[in-house]
Amino acid sequence: MTSTLAISGSLFISMLGPVQQWRGPLTTDGARQVFAEAAQISESDAGRLWGITLYGPMIVVEADSRRAIANGAVDSFQREDDLFVGSLPETIAIANTAFEWQETRWTMLRWPLPEDEEARRRLIAHEMWHRIQTELGLPASGAGNLHLGTRDGRVWMQLEWRALAAALRSEGEDRLDATADALAFREKRHRIFPNAGDDERSLIVHEGLAEYTGVILGSESHGASRKVAIRALGAAPGAPSFVRSFAYTSG
1 MTSTLAISGS
11 LFISMLGPVQ
21 QWRGPLTTDG
31 ARQVFAEAAQ
41 ISESDAGRLW
51 GITLYGPMIV
61 VEADSRRAIA
71 NGAVDSFQRE
81 DDLFVGSLPE
91 TIAIANTAFE
101 WQETRWTMLR
111 WPLPEDEEAR
121 RRLIAHEMWH
131 RIQTELGLPA
141 SGAGNLHLGT
151 RDGRVWMQLE
161 WRALAAALRS
171 EGEDRLDATA
181 DALAFREKRH
191 RIFPNAGDDE
201 RSLIVHEGLA
211 EYTGVILGSE
221 SHGASRKVAI
231 RALGAAPGAP
241 SFVRSFAYTS
251 G
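Start counting the sequence shown at 1; every next residue gets the next number (our numbering).
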């Protein structure tokens with residue numbers, strides 16, 4: 001089932017094309033488009049980024065109704081052509097995530113997905129990475145990073161982000177200088193908060209690498225991914241809290 005979808009992802013994309021609406025009730029056509037887009041992202045990468053195929057067991061869930069459509073067999077779900085349709089149990093939280101269910105590790109995507117193609121592809125790749133992260137030896141982390149709720153933590157993080165944005169906009173020696181500035185601001189923050197280095201690294205491994213995967217594989221080119229990163233660095237200071245959101249930006 002999964003391998004068939006992976007092989008035919010590009011074909012489904014070409015057949016369904018831009019006519020698919022990413023709003024409204026979840027249908028098998030909508031879920032099939034999600035699976036095809038995920039398969040196409042994975043096919044294009046061909047395991048180059050992480051050495052592992054990203055696409056695998058995936059389920060799309062409509063939050064209000066709990067209606068769920070999977071690309072592989074699920075006990076109690078009914079088969080409809082090449083898909084499996086049913087309701088997600090109340091015991092399972094609905095989110096964009098990866099989770100263990102019926103001895104299988106799944107990617108879960110919450111319907112509706114973003115209508116913007118770039119944002120949608122970034123989300124799909126991000127969540128597919130979470131499914132394989134344990135296989136990569138990079139388990140999830142719940143590090144607190146409460147220092148980023150303080151004034152000094154926020155100030156030094158924003159200085160790092162500004163320097164990183166400058167590095168992405170620059171070339172040659174200017175890029176090296178801006179990168180050195182970013183690392184200096186990070187080192188200063190870690191001196192002020194002794195446990196910050198370990199805590200930040202833990203969450204960057206968990207969410208930062210997932211977002212990095214999303215940006216790299218969800219963008220049409222290296223230049224496009226750089227623009228996404230610059231926009232994210234510019235928008236990040238507007239977040240009400242940096243405690244978890246920083247990892248999506250710094251990753």
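We treat Cβ as the ideally placed atom computed from N, Cα and C, and that holds for glycine.
Treat the numbers as computed from the prediction; the structure is a model and nothing was measured.
Here Glu-211 has His-126, Tyr-248 and Gly-251 as same chain residues with Cβ atoms under 7 Å from its own Cβ, once five neighbours each way along the sequence are excluded. Spanning the alpha carbons of Ala-224 and Pro-114 requires a straight line of approximately 18 Å. When DSSP states are grouped into helix, strand and coil, Gly-149 belongs to the helix group. Under DSSP, Ala-68 forms a beta bridge with Val-61 and Gly-86. C-alpha of Gly-197 to C-alpha of His-190: approximately 6 Å in a straight line.
The stretch 228-247 and the stretch 199-217 touch, with no fewer than 3 CB-CB distances between them shorter than 8 Å.
As the crow flies, the alpha-carbon of Thr-91 is around 37 Å from that of Arg-154. In this structure, the straight-line span from the alpha carbon of Arg-175 to that of Asp-199 is close to 27 Å. Taking C-beta atoms under 8 Å as the contact rule, His-147 and Phe-193 qualify, at a distance of about 4 Å. Contact check for Ala-70 against Ile-94 fails: the beta carbons are separated by 8 Å or more.
Apart from sequence neighbours up to five positions away, the residues of its chain that approach Gln-102 with a beta-carbon distance below 8 Å are Val-74 and Asp-75, ordered along the chain.
Nearest C-alpha to Ala-229 among Pro-237, Leu-164, Asn-195 and Ala-182: Leu-164. Around Ser-241, the same chain offers Gly-149 as residues with beta carbons nearer than 7 Å, after the five sequence neighbours per side are excluded. Across the set Arg-131, Glu-117 and Arg-169, the C-alpha of Arg-131 shows the shortest separation from the C-alpha of Thr-107.
Taking the Cβ atoms as the reference, Thr-27 lies roughly 10 Å from Glu-80, outside the contact range of under 8 Å. DSSP places Thr-91 outside both helix and strand once states are collapsed to three, so it counts as coil.
The stretch 97-165 contains, as complete beta strand (DSSP E) runs of 3+ residues, the segments 97-101 and 104-111 (chain order). Contact between Arg-66 and Ser-87 is confirmed by a C-beta separation of about 5 Å, below the 8 Å threshold.
According to the DSSP assignment, Arg-226 belongs to the alpha helix (DSSP H) that extends over 222-235.
When the Cα atoms are used, Gln-78 and Gly-56 turn out to be separated by approximately 20 Å. Inclusion of Pro-237 and Trp-129 in the CB contact set at 8 Å is not warranted, their separation being larger than that value.
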